[in-house]
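The next block holds one structure in the form of structure tokens; read it before the comments.
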Amino acid sequence: MENTVPGGVYLCQVSETVSCGACCGLYNVADPSRAAMTAMLERRTDAFSGVARTVAGILAFKASVEARENQARPYPDFHHCPYIGLIGRRRSRVGCLLHPMADGNGGVDFRGISFYGGMACRIYFCPATKTLPPRWKEALRAAAPDWYHYGLLVTEKGLIQAFFQALEARLGREITATDFGPDPASIRALSDLFALKAEWPHRPPGASTPCNYFFEDNLYPTAPVVYPDGRGPSACHDLFVALNSHFPSADALETAETALSALLGRLVHALTGSGRFFPHRTGAPTGRRHKLF
Ligand code: SF4
Ligand code: SF4
310 MENTVPGGVY LCQVSETVSC GACCGLYNVA DPSRAAMTAM LERRTDAFSG
360 VARTVAGILA FKASVEAREN QARPYPDFHH CPYIGLIGRR RSRVGCLLHP
410 MADGNGGVDF RGISFYGGMA CRIYFCPATK TLPPRWKEAL RAAAPDWYHY
460 GLLVTEKGLI QAFFQALEAR LGREITATDF GPDPASIRAL SDLFALKAEW
510 PHRPPGASTP CNYFFEDNLY PTAPVVYPDG RGPSACHDLF VALNSHFPSA
560 DALETAETAL SALLGRLVHA LTGSGRFFPH RTGAPTGRRH KLF
């Protein structure tokens, strides 16, 4: 599979606990918290295990899911598929309940019953998969902490691009696969980017979801960054755009700049042993998790 995807690096399935279902509308839900989404996916997976693998049985499952779950969506025209659930031996990552390899399907591909149809489900690849350089995709695969954080970030083409460009500018070189090998310091530092994306506290009022509409049809354009009077654009402007940011005060702006600068500083320190390029760096890495905000 890996050799047939754009860029040669497969982002959709990574490990026993890391996979992505963002293009199936996974995060386009009323409550995108980890707890609520995990409960939703567990409930669906349990229910689907008892469903007759017939068109009528599968459509009845869809109807019961849609009747039970809140259908309010941050992006109303972005389809949320009711057939996304948990897969794997321990049901520890997200995946398609209609896939031929999913439990109980006996090798039969039922995805043709879905909204997008079997062909679209089989061949679609998101803009991040198609356009990001392999070295950045490999780094994200290596550092991904779990499915919840992974799918929120890995589709963020603009954020990933702005972040790795900033990192590589500070390093003075491109990152390589060995940068994120078995060294836990660099993995730990990069994994903070996943949390930063999921927990970004500077979204505009009313934009509480971390869900990203990443299709390139401009249906839901990102709002411009709002800076406090007399400030901006920041040196971190591209990152702020990608994170969907609103700064009502100079303090909020400085907090955000410091968080990004500190994260980049921890990464450079992990990769080179030096953090000297970072005036905002808040302290030497300790090996423990850092508070991001
Ligand atoms: S959004 Fe991209 S990485 Fe995620 S499952 Fe779809 S194609 Fe794969
Ligand atoms: S049927 Fe298609 S859209 Fe739905 S979960 Fe499966 S792959 Fe995703």
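According to our numbering, the stretch in the sequence shown is residues 310 to 602, in order.
From the three backbone atoms N, C-alpha and C, an ideal C-beta is built for every residue, glycine too.
Here the residues close to ligand 2, judged by CB distance below 6 Å to any of its heavy atoms, are CYS333, CYS390, TYR392, ILE393, CYS405, LEU407, ARG420, SER423, TYR425 and CYS430 in chain order. Assigned with DSSP and collapsed to three states, LEU406 falls in coil, not helix or strand. Taking the CA atoms as reference points, LEU580 sits about 43 Å from GLY427.
The C-alpha of ARG402 lies about 19 Å from the C-alpha of ARG431. Closer than 7 Å to some heavy atom of ligand 1: that does not describe the Cβ of THR347. Taking non-hydrogen atoms of ligand 1 into account, the C-beta of TYR529 is found less than 7 Å away from none of them. The continuous alpha helix (DSSP H) containing LEU462 extends over residues 456–463. Residues LEU502 and LEU548 of the same chain have their beta carbon placed closer than 7 Å to that of PHE472, with the five preceding and five following residues left out of the count.
In the structure shown, GLN322 adopts extended strand secondary structure according to DSSP, grouped into three states. A distance below 8 Å between beta-carbons, with the five flanking residues on each side excluded, links VAL364 to the following residues of its chain, in chain order: ILE422. Looking at the DSSP output, GLY394 shares a beta bridge with GLY404. When HIS511, LEU573 and THR326 are compared, the shortest CA-CA separation from ALA551 is found for HIS511.
Assignment of VAL314 by DSSP, reduced to helix, strand and coil, places it in the coil class. Secondary structure of VAL360 (DSSP, three-state): coil.
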